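Below is one structure, written out as structure tokens; comments come after it.
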Amino acid sequence: MDINGKGVAASIRQAIKKEIDDKGLTPTLAFFLIEDHAPSKVYVGMKQRACKEVGITSIIETLQASITEEMLITKISAANANPEIDAILVQMPLPDHIDSNRVIYAIDPAKDVDGFHPVNIGKMLIGDSSASFPCTPLGICTLLEKENIETAGKNIAILGRSMIVGRPLANMLSSKGKDATVTLLHSKSKNLSFHLKNADIIISAIGKALFVKKEMVKQGAVCIDVGTNHIDGVLVGDIDYKNVKEVASKITPVPGGVGPMTIAMLLQNTVKCHKILAS
Ligand code: GUN
């Protein structure tokens, strides 16, 4: 059975819009976008449309790929100091000559809508809910919750150890309240099939088209697909959806699964930044 991330995300967006309207909130999100990075342009366009739909003002600063690290940090410092801006998002990846860690460190943690700043990562690790939590992991946790998928005591295999998805997600799902036993798998892991086959829930975020095959999945497992890959121009996930859905009890489609949840969580985090800064 499909997990309807698109539908869940739509109802979350509706609730966010209602809160903004009812309370007369004026949240503002500033995007920094490298203009000639085509996928980033698409993602930021989608995020901006979602902002508009719920009543979040978005500002976009488009940057030449040749921008220096110093210049980008200067622009971020200006956004930090601007009281009209509640939240800042620097769309990744950045060009190779820029150290993305230094850029992330430059963002005011209170405006770090992605939850990438070490202060927010540290808060997440100790379970301080005042932090922004990274949008994709938060979206996955929310989706599991809304779908009444139990995580306590379950074996969850996560494929991919990125700071955007795998590592924060492993922390979130193994923490108190979620209580899963998490196996974080990566390119050097051995016996991948063994670990996957043992999992009650598989979450894949490795960016390899159709990597997870039916034979690797336990009968009745829940499969969550974070992948956005293209085969001959067609968007596909990391999981071989057509075949895996025969054994999975629930599976997220691509598109329409995790992607819309990430955007809904971005809107939620923006409103949270706005409320904290206004308080
Ligand atoms: N690039 C891919 N995913 C993300 C994300 O969640 N946030 C940012 N800032 N960049 C990304």
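In the working numbering, the protein residues as written are 899 to 1177.
Note that beta-carbon positions come from the ideal geometry of N, C-alpha and C, so glycine has one too.
For clarity, every value in this text was computed on a predicted model and none was experimentally measured.
DSSP three-state assignment for residue i, whether helix, strand or coil
| i | result |
| --- | --- |
| H935 | coil |
| H1172 | helix |
| I1104 | coil |
| L923 | coil |
| T1160 | helix |
| L1041 | helix |
| A976 | helix |
| E982 | coil |
| K1116 | coil |
| S1147 | coil |
| L961 | strand |
| V1152 | coil |
| A928 | strand |
| V1001 | helix |
| T1034 | helix |
| I1024 | helix |
| I1137 | strand |
| L1165 | helix |
| V1124 | coil |
| L970 | helix |
Chain-order list of residues whose beta-carbon lies under 6 Å from that of residue i (same chain, five-residue window excluded)
| i | result |
| --- | --- |
| T1150 | I901, G903, I1122, D1123, V1156 |
| P993 | A963 |
| T1079 | N1053 |
| A1162 | A907, I910, R911 |
Other residues of its chain near residue i: CB distance less than 7 Å, five sequence neighbours each side excluded
| i | result |
| --- | --- |
| G953 | K915, I918, D919 |
| A1063 | The sequence given here places Val at residue 1063; Ala does not occur at that position. The answer, listed in chain order, is T1034, P1035, A1103, V1124. |
| V906 | L1041, K1044, M1159 |
Beta-carbon separation (whole angstroms), residue i vs residue j, contact threshold 8 Å
| i | j | result |
| --- | --- | --- |
| D1179 | L1036 | Residue coverage of the chain in this structure runs from 899 to 1177, which leaves residue 1179 outside it and unanswerable. |
| T1049 | K1074 | That belief does not hold up - the Cβ atoms of T1049 and K1074 are roughly 12 Å apart, past 8 Å. |
| L1067 | R911 | The pair is not a contact, with the Cβ atoms about 22 Å apart (cut-off 8 Å). |
| A977 | I971 | Actually they do not touch by this definition, with Cβ atoms about 11 Å apart. |
| L927 | S956 | 5 Å |
| K1112 | V1145 | 6 Å |
Neighbourhood of residue i by C-beta, 8 Å cutoff - its chain only, sequence neighbours within 5 removed
| i | result |
| --- | --- |
| S1147 | M899, G1118, A1119, V1120 |
| K1170 | S1030 |
**Request:** Take every Cβ of the region 1089-1096, pair it with every Cβ of the region 1122-1134, and state whether three or more of those distances are shorter than 8 Å.
**Result:** no
**Message:** Give the list of continuous alpha helix (DSSP H) stretches no shorter than 4 residues that lie fully inside the region 1056-1100.
**Reply:** 1064-1072, 1090-1095
**Item:** Contact between the region 1123-1142 and the region 993-1008 (3+ Cβ pairs under 8 Å)
**Value:** They do not touch, by the three-pair rule.
**Message:** Under 8 Å, with one C-beta from each stretch per pair, do the region 1044-1059 and the region 1076-1087 reach the 3-pair mark?
**Reply:** The region 1044-1059 is in contact with the region 1076-1087.
**Message:** Would the region 1097-1108 count as touching the region 1134-1147 if we require 3 or more Cβ pairs under 8 Å?
**Reply:** With the cut-off at 8 Å, the region 1097-1108 and the region 1134-1147 touch.
**Item:** Sufficient close CB pairs (3 or more, under 8 Å) joining the region 1037-1054 to the region 1012-1026
**Value:** no
**Asked** Using 8 Å as the Cβ pair cut-off and three pairs as the minimum, do the region 924-932 and the region 978-993 touch?
**Response** yes
**Asked** Pairing CB atoms from the region 1107-1120 with CB atoms from the region 1019-1032, are three or more of them under 8 Å?
**Response** no
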